[in-house]
Amino acid sequence: MITPRFSCSQTSESVLVSVYCPSIRASDIEINVDDTLFSLHVNPYFLRLNFSYPLQEDDQSSAKYDPSAGMITVALTKANPGQEFKDLDLMAKLLAPRPAKETPVIEVVDDLSKSVDNMSIDDNILEAAKNDWQLPQEVPKPLSELKTEKTSRYGFLNRHAGYFEHVTFTENEVNELGTEAETLDPAARRERRVKRENDKWDEEHYLADFADPEYIESLFDWQNPVLTDTASFDFTEEEKLAMLNLPRVEFIPTPPETRQLYLTLTTFLFSWAYDMRTTQGDPTSESPWTICSLTPAFTALDPPSAPVGDITAAHIVDALVPSYRRALAFPLYRSFALAEYCRKDVASILLRGRRTVTRCLLALKDILDHHEVYYIYSKVWVTDFCVWIQTHATDEELQHLGKIVGDASVPKGAIGWDLVALERLVLDAGEGEDREPDSDDE
């Protein structure tokens, strides 16, 4: 069955669903409404939408088909007139299946406490206790993680594997794991990433950009168009089509996994914000490489660690330090101040909520999808993120995260390359230019 293009709007009394189904017979259209679930079927099209609030079919409901435009317009009455239906433009959320209402039943098979008193203790143990034998004891070491397969999974919620089996036959310049991308565990991936960053670090390049920052500083005044749009913007037709083509999947992440996804999201937005600033909003042929090189989850399949407890500023710093390091080691413009502006861009995007974040992820996905090699990172990471943001993330969580990102301070000492001392060399040299040269200078 084909999922048709559609759009939704609302009045105070009804929800209007417009569905593009050309070359059909109006008599074959089947429409069904079940509480929050709306479905439309007409061969070869099938559409099922799950709304936030209940709808009903009554005398005020209607369906019209315009054969010249190929458009079916369905008006559904709200069960509670005047209620505002939010997120009608987030297609992935509307297309997601309705969550199960039943909760799992837990049954206690036996009460172990009743049998504790009846347990017998071995006579040898009693004898040892009576004589106070001092037997050597030590805390057992934790067992290593049990691996039931020779490959290590990666990507969104570790859902993927097998995408890098033939990576040596592709021109993947950002892959830092080589042929072992499918087998290395997370700890080994992180070790490889850190080593690659240290090897790529170039003091002279950083000093040159710090000493001559004129062009880089001109990037600071650029305004990201995503942040200049009003909060009530409409998605473009290209964005709507991209959302319509997203997979219909349902995720059930644990709370730690959810917090890890939010942290990983900040690294994606950081890389995209860097490319947007350095290209002045006009992505180039180098943009896929730049974005991938700055994203640890792409180059080394190494997302931020899942935090224990609520996300704090310390967790944000730990998540963004690898992005800062890569921004200072890989791309053309290597400036700590530029990285700080990118962090502020990330905070501003998050503060605008789910719709703005969705627009940014769709733009990132579009850049990667059009590259003949790096599209693979869109498949294992960004596509699922586009679905998750619309169906599971909340504006409140994103805005709370944005506030933490905005207030967080990434210290230069956390980068690990003694940036303060290097910058002092440039500043001291600049101060020395004002004095008279002496014989030692000659």
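Mapping the sequence shown onto my numbering, position 89 (from 1) lands on 98, and the numbers just tick up by one. Beta carbons are placed, not taken as given, at the ideal position from N, Cα and C, and that holds for glycine. If you're wondering where the values come from, they're calculated on a predicted model, not measured in any experiment.
Are the beta-carbon atoms of ASP37 and ASN52 separated by less than 8 Å?
Yes, the Cβ-Cβ distance between ASP37 and ASN52 is below 8 Å.
Note down, in chain order, each residue of its chain lying with its Cβ closer than 6 Å to the Cβ of ASN411, except the 5 sequence neighbours on either side.
One point to set straight first is that residue 411 is Gly, not Asn, in the sequence displayed. Result list for GLY411: ALA356, LEU359 and LEU360, in chain order.
For ASP243, which residues in the same chain have their Cβ closer than 8 Å to its Cβ, ignoring the five residues on either side in sequence?
Closer than 8 Å at Cβ, skipping near neighbours: ASP98.
Going by alpha carbons, who is nearest to THR45 out of ALA220, GLN65, THR308 and VAL28?
When only C-alpha atoms are compared, the closest one is GLN65.
Measure the beta-carbon distance from GLU191 to GLY171 and round it to whole angstroms, keeping in mind my assumption that it falls under 8 Å.
Indeed, because the Cβ distance is near 7 Å, the residues count as touching under 8 Å.
Between which two residues does the beta strand (DSSP E) harbouring VAL26 extend?
It spans 23-29 - the beta strand (DSSP E) in which VAL26 sits, taken as one unbroken run.
I'd like the list of long-range same chain contacts for ARG14, defined as Cβ closer than 8 Å, with 5 residues on each side in sequence excluded.
VAL28, TYR29, LYS249, LEU250 and LEU253.
Identify which residue in PRO106, ILE300, VAL83 and SER294 has its Cα closest to the Cα of VAL282.
The residue you asked about is not Val; residue 282 is Ala in the sequence shown. Residue ILE300 is the option with its Cα nearest to ALA282.
Apart from the five residues just before and just after THR304, which ones in its own chain have a Cβ nearer than 7 Å to its Cβ?
Around THR304: THR276, PHE277 and SER280.
My output table needs one value for TYR224: the three-state DSSP class, helix, strand or coil.
Three-state result, TYR224: helix.
Judging by CA-CA distance, which residue of TYR62, ASN41, VAL258 and LYS95 is the nearest neighbour of SER70?
Checking every option, the nearest Cα to that of SER70 belongs to ASN41.
Classify ASN59 as helix, strand or coil using the three-state DSSP reduction.
ASN59 falls in the strand class under three-state DSSP.
Indicate whether the contact test is met: 3 or more Cβ pairs, each with one atom in the region 304-322 and one in the region 195-208, closer than 8 Å.
Yes, since at least three Cβ pairs between the region 304-322 and the region 195-208 fall closer than 8 Å, the two stretches touch.
Closest to THR321 by CA distance: which of VAL183, ILE398, GLY415 and LYS421 is it?
Checking every option, the nearest Cα to that of THR321 belongs to GLY415.
Let me know the secondary structure DSSP gives ASN233 once reduced to three states.
Of the three classes helix, strand and coil, the one that applies to ASN233 here is coil, per DSSP.
Considering only their Cβ atoms, is the gap separating SER344 from ILE225 smaller than 8 Å?
Yes, the pair counts as a contact, with Cβ atoms nearer than the cut-off.
I'd like the span of the alpha helix (DSSP H) that includes MET252, first residue to last.
Start and end: 246-253.
Alpha carbons only, please: which of THR273, ALA105 and LYS209 is nearest the one belonging to SER48?
The candidate whose alpha carbon is nearest that of SER48 is ALA105.
From which residue to which residue does the alpha helix (DSSP H) around PHE47 run?
Premise fails: PHE47 lies in the beta strand (DSSP E), 46-51, not in any alpha helix (DSSP H).
Would SER338 and GLU206 qualify as a contact pair, given that the criterion is a beta-carbon distance under 8 Å?
Checking the displayed sequence, the identity of residue 338 turns out to be Ala instead of Ser. Against a cut-off of 8 Å, the Cβ pair of GLU206 and ALA338 comes out as a contact.
What do you get for SER387, buried or exposed, if any count of 16 or more other CB atoms within 10 angstroms of its CB means buried?
Per the 10 Å Cβ criterion, buried.
What are the complete alpha helix (DSSP H) segments, minimum 4 residues, inside the region 335-403?
Within the region 335-403, the complete alpha helix (DSSP H) runs of at least 4 residues are 345-360, 363-378 and 392-400.
What is the rounded straight-line gap between the Cα of LEU270 and the Cα of THR400?
Their Cα atoms are separated by approximately 13 Å.
Using the Cα positions of ASP354 and ASP284, report the straight-line distance between them to the nearest angstrom.
ASP354 and ASP284: Cα-Cα distance of roughly 12 Å.
Note down, in chain order, each residue of its chain lying with its Cβ closer than 7 Å to the Cβ of ASP238, except the 5 sequence neighbours on either side.
Contacts found: none.
According to the Cβ coordinates, are ARG352 and ALA402 closer than 8 Å?
Not in contact: ARG352 and ALA402 (Cβ atoms no closer than 8 Å).
Whole angstroms are fine: how far does the CA of SER227 sit from the CA of THR160?
Each residue's Cα considered, the two are about 46 Å apart.
Who pairs with ALA72 in a beta bridge, going by DSSP?
DSSP, once it has assigned bridges, lists VAL83 as partnering ALA72.
Does DSSP classify ASN167 as helix, strand or coil?
Of the three classes helix, strand and coil, the one that applies to ASN167 here is helix, per DSSP.
On a Cα-Cα basis, can you pick out the residue from TYR54, ASP404, LEU255 and THR86 that is closest to LYS374?
Among TYR54, ASP404, LEU255 and THR86, the Cα nearest to that of LYS374 is on LEU255.
How is GLN65 classed by DSSP in three states: helix, strand or coil?
Looking at GLN65 - three-state DSSP - the assignment turns out to be strand.
Taking just the CA atoms, how far does GLY318 sit from PRO222?
The alpha-carbon atoms of PRO222 and GLY318 are separated by roughly 40 Å.
With a CB to CB cut of under 8 Å and the five nearest residues on each side skipped, what residues in its chain are close to VAL330?
Around VAL330: VAL419, ALA423 and ILE424.
Give me the Cβ distance between VAL183 and THR308, rounded to the nearest whole Å; I'm assuming they're in contact under 8 Å.
About 5 Å separates the two Cβ atoms, so the contact holds.
Could you tell me the boundaries of the alpha helix (DSSP H) in which PHE279 lies?
Run containing PHE279: 264-287, per the alpha helix (DSSP H) assignment.
So LYS95 and SER61 are supposed to be a Cβ contact under 8 Å. How far apart are they, rounded?
So it is a contact: roughly 6 Å between Cβ atoms.
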